[in-house]
Amino acid sequence: MRILVVDDDTLNRFLLVHMLEQQGYTDTFEAEDGVVAIELAKRIEPDLVLLDVIMPEMDGYEVATMLKKMAGDIYLPVIFITALEDEKSLARCLEVGGDDFVSKPFDKVILAAKIRAHARTRLLSKKAYEQNKQLSFYRNAVEREHKIVEHIFTNALSVDKSFTRYLDYCLNPASDFNGDLFLASASPTGGMYFLIGDFTGHGLASAIGALPVSQAFQAMSKKGLSLMEMAETINQTLLMLLPDDMFFAAAIVEINNTGKQIDVWNGGMPSLLLQDPSGKIVKRFASRHMSLGILENHEFASEVERYEMQFGNRLVAFSDGVVELENEQNEMLGDEGIEKWLNDQPDINVEGFLSNATKYLGSKQRNDDITVVIFTSQPLEPVVNKGIASKVPLKIVVELDAKHIKSADPIVDLVSVVTNQLGLYGIHSELFTVLSELYNNALEHGVLELDSTLKQSDDGFFAYFTLREEKLSALESASIVISAEYRPDENALSIRIKDSGTGFKQDYMSKLENVEKSYGRGISLVKELCESVEYTNKGNTVDVVFKI
Amino acid sequence: MSLDREFSEDGKELTIFLEEKFDFGKVQDFRLAYTEGNDGVSSIVINLQKTEYMDSSALGMLLNMQKSLRDSVQSFKITHCRPQVLKILQIAHFGKKFDIA
Numbered sequence: 019m020r021i022l023v024v025d026d027d028t029l030n031r032f033l034l035v036h037m038l039e040q041q042g043y044t045d046t047f048e049a050e051d052g053v054v055a056i057e058l059a060k061r062i063e064p065d066l067v068l069l070d071v072i073m074p075e076m077d078g079y080e081v082a083t084m085l086k087k088m089a090g091d092i093y094l095p096v097i098f099i100t101a102l103e104d105e106k107s108l109a110r111c112l113e114v115g116g117d118d119f120v121s122k123p124f125d126k127v128i129l130a131a132k133i134r135a136h137a138r139t140r141l142l143s144k145k146a147y148e149q150n151k152q153l154s155f156y157r158n159a160v161e162r163e164h165k166i167v168e169h170i171f172t173n174a175l176s177v178d179k180s181f182t183r184y185l186d187y188c189l190n191p192a193s194d195f196n197g198d199l200f201l202a203s204a205s206p207t208g209g210m211y212f213l214i215g216d217f218t219g220h221g222l223a224s225a226i227g228a229l230p231v232s233q234a235f236q237a238m239s240k241k242g243l244s245l246m247e248m249a250e251t252i253n254q255t256l257l258m259l260l261p262d263d264m265f266f267a268a269a270i271v272e273i274n275n276t277g278k279q280i281d282v283w284n285g286g287m288p289s290l291l292l293q294d295p296s297g298k299i300v301k302r303f304a305s306r307h308m309s310l311g312i313l314e315n316h317e318f319a320s321e322v323e324r325y326e327m328q329f330g331n332r333l334v335a336f337s338d339g340v341v342e343l344e345n346e347q348n349e350m351l352g353d354e355g356i357e358k359w360l361n362d363q364p365d366i367n368v369e370g371f372l373s374n375a376t377k378y379l380g381s382k383q384r385n386d387d388i389t390v391v392i393f394t395s396q397p398l399e400p401v402v403n404k405g406i407a408s409k410v411p412l413k414i415v416v417e418l419d420a421k422h423i424k425s426a427d428p429i430v431d432l433v434s435v436v437t438n439q440l441g442l443y444g445i446h447s448e449l450f451t452v453l454s455e456l457y458n459n460a461l462e463h464g465v466l467e468l469d470s471t472l473k474q475s476d477d478g479f480f481a482y483f484t485l486r487e488e489k490l491s492a493l494e495s496a497s498i499v500i501s502a503e504y505r506p507d508e509n510a511l512s513i514r515i516k517d518s519g520t521g522f523k524q525d526y527m528s529k530l531e532n533v534e535k536s537y538g539r540g541i542s543l544v545k546e547l548c549e550s551v552e553y554t555n556k557g558n559t560v561d562v563v564f565k566i
Numbered sequence: 004m005s006l007d008r009e010f011s012e013d014g015k016e017l018t019i020f021l022e023e024k025f026d027f028g029k030v031q032d033f034r035l036a037y038t039e040g041n042d043g044v045s046s047i048v049i050n051l052q053k054t055e056y057m058d059s060s061a062l063g064m065l066l067n068m069q070k071s072l073r074d075s076v077q078s079f080k081i082t083h084c085r086p087q088v089l090k091i092l093q094i095a096h097f098g099k100k101f102d103i104a
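If you're matching them up, the sequences are chains C and X in order. If you count the first sequence from 1, you need to add 18 to reach this note's numbering. If you count the second sequence from 1, you need to add 3 to reach this note's numbering.
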């Protein structure tokens, strides 16, 4: 506690300093006039000032005003010690910024008590000032961090405009950051996916999960994966990342290349509504699953609903921020309210939704994010997302000996090497079918010398399977070599599979049209999927050209 | 690992969920899925929503199922096909034998 004593009278100063010492205040400074007091105050920053009123050069009133100004936001108690007794002078002491006065000759007890009281206020003020300073420091830091994160989010979550022309959508956050999420992406098979979701809560914390979800969604869309797999993968990611009390309600929709057929996976979102052009709701895709990020893998159900839309019908998806809108009477809008909007205005767009929402709220403040997405069924121009195929010719050779043939099933691995390496997604299923047929022919008929006619009956099928297992485990030496050569100029993949067997008869390869037979369909399938198929070398070598 | 199955409430419809890969390796599991406890089942749904990879032995297995259950089951459906898988079923003219949705 540093006290500045300002008085032109040496004896007064001495008495005051002496009294302060007795009270335990030893950190005291003296000034014999106003000018010295101001200079000194600048240097020593006193916590309290005892000030005489009548002084030469600059009187106490003036000094008080200046000291107060210098102190700024922190309370600096100024106590006048004065011989003046008229009311006007005393009142002025307070008007110029003084906080208290004590008459001369001063009463020690009263003065000490006043000093202690003002010191307390000074301490409080100082504390508040420090806290304010810290608060604005944190606020600035948070604002800056928000700006950075916002920047990242805008870039990471931007929705590709080129194919969202089929989707009318809006995201309307309640705070800087959105707990709601909307993503859309083309599929490699000519259709598209979109995801509408809602993290528990809103603001930065709930938006954090959006990044991994978005990354996973984009990557899986590019590969044309199923909704199930998407839901499972996102669930797994969030389960690992999010704290237990946080989860992600989401609906994922896949629209196939016809623009009519849709698959819907809904976990915890309000029902997606399907309306015909008259506004009638013809189907509700209710939530059938728990939100993402809650269930362990083995508990997770990913069943998908499929529906064939009519052109012109609309699929309307929205977050619970819309359902839970409350009007001035504290009534929730509810699903009925939304369905009424759709009935009343069959062609309402997302802007219409927003203006209805504003009207409904009246003077009330919205406190959750609002997201609305509308897809109108229509023919889709190919919004193909095949990825950019590599221009570099490439050859992959896989040589398998008996040990490998027994222990591994190389086809899925090979397919994923080829599709990932070349950036070609969407062909993985067909490529698998082709490679799997050829490989199994080489293995079963070439190496293991099995007879397909066994497969004619259900039991035979099983017998075949058993025999295959037996022969496989007894296999001692064999080789199957798979080579896949990518020719970027012809946009084709040349595949050759060569086995070490004695060769098999071509008459196994029956016609595809004969669907009654449970075998011999493979090669016909390969012929349909490939540009050319050629068996040489007694059937030990097969060459096919697979167009990409 | 056995395949996921689901019975309708009246027990008349059995849905079998295939996995990512539907090929020869599923012979036993698939056979079990349509033979075990199927009394009273008159309709079978093969749900391919997860299936990305399928070859001709899967086609053979589907036909075998149909053949062996022909007397008790009236309706065979294949549902939720991925576009690529649908293409394979179409090439094989499976629409003639199965109700593909």
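Cβ coordinates follow ideal geometry from the N, Cα and C atoms, glycine included.
Bridge-paired residues (DSSP) for residue i
i      : result
C:H307 : C:G285
C:I214 : C:F200, C:A269
C:L454 : Leu is not the amino acid found at residue 454 of chain C; the sequence shown has Ser there. In DSSP, C:S454 forms no bridge with anything.
C:V23  : C:E48, C:L68
C:C188 : C:V390
C:Y568 : One cannot answer for residue 568 of chain C here, as it falls past the ends of chain C, which runs 19 to 566.
C:A16  : With chain C covering only 19 through 566, there is no way to say anything about residue 16 of chain C.
C:T100 : C:S121
C:K145 : For C:K145, which the question treats as bridged, DSSP gives no partner whatsoever.
DSSP three-state assignment for residue i, whether helix, strand or coil
i      : result
C:M73  : coil
C:L468 : coil
C:R162 : helix
C:K126 : helix
C:Q439 : helix
C:M327 : coil
C:Y43  : coil
C:F155 : helix
C:M350 : strand
CB contact below 9 angstroms: residue i versus chain C
i      : result
X:E55  : yes
X:Q77  : no
X:F20  : yes
X:A36  : no
X:V44  : no
X:N118 : The structure shown does not extend to residue 118 of chain X, since chain X is modelled only from 4 to 104, so the question has no answer here.
X:G63  : yes
X:E23  : yes
X:L17  : no
X:I138 : Outside the shown range of chain X (4 to 104) lies residue 138 of chain X, about which nothing can therefore be said.
X:K127 : Nothing can be reported for residue 127 of chain X: it is not among the residues displayed for chain X, which extend from 4 to 104.
is_contact[residue i, chain X] using C-beta, thresh 9 angstroms
i      : result
C:R306 : no
C:E534 : Because the pLDDT of C:E534 is 46, which lies under 50, any placement of that residue in the model is unreliable, and the number read from its coordinates should be weighed accordingly. Chain X, which has a Cβ nearer than 9 angstroms to the Cβ of C:E534, makes this yes.
C:K473 : yes
C:I515 : no
C:N438 : no
C:D186 : no
C:P260 : The sequence shown places Leu at residue 260 of chain C, rather than the Pro named in the question. It does not: the Cβ of C:L260 has no partner Cβ on chain X nearer than 9 angstroms.
C:V551 : no
C:V433 : yes
C:M527 : At C:M527 the pLDDT is 47, less than 50, meaning the model places this residue with poor confidence; the figure from the coordinates comes in the next sentence. Judged by the 9 angstroms Cβ criterion, C:M527 is not in contact with chain X.
C:N458 : yes
C:R352 : One detail in the question is off: residue 352 of chain C reads as Gly in this sequence, not Arg. It does not: the Cβ of C:G352 has no partner Cβ on chain X nearer than 9 angstroms.
C:N345 : no
C:G242 : yes
C:N403 : Annotation note: pLDDT 48 at C:N403 (below 50); position unreliable, no value reported.
C:D427 : yes
C:F336 : no
Interface residues of chain X facing residue i [CB-CB closer than 9 angstroms]
i      : result
C:H446 : E55, Y56, Q87
C:D281 : Q52, H83
C:L543 : D58, S59, L62, I91, I94, A95
Beta-carbon neighbours of residue i, restricted to chain C and to distances below 7 angstroms
i     : result
X:D26 : S454
7 angstroms Cβ cut-off: residues of chain X touching residue i
i      : result
C:V1   : In this structure chain C extends from 19 to 566, so residue 1 of chain C is not present and cannot be described.
C:M246 : Q52, K53
C:T207 : P86, Q87
C:R539 : S59, L62, G63, A95
Listed by chain order, chain C residues near residue i by CB distance under 8 angstroms
i      : result
X:V30  : F479, F480, F483
X:I103 : Residues of chain C passing the Cβ test: none, with the nearest at roughly 11 angstroms.
* List in chain order: all unbroken alpha helix (DSSP H) runs of 4+ residues lying wholly within the region 48-98 of chain X. => 59-72, 86-94
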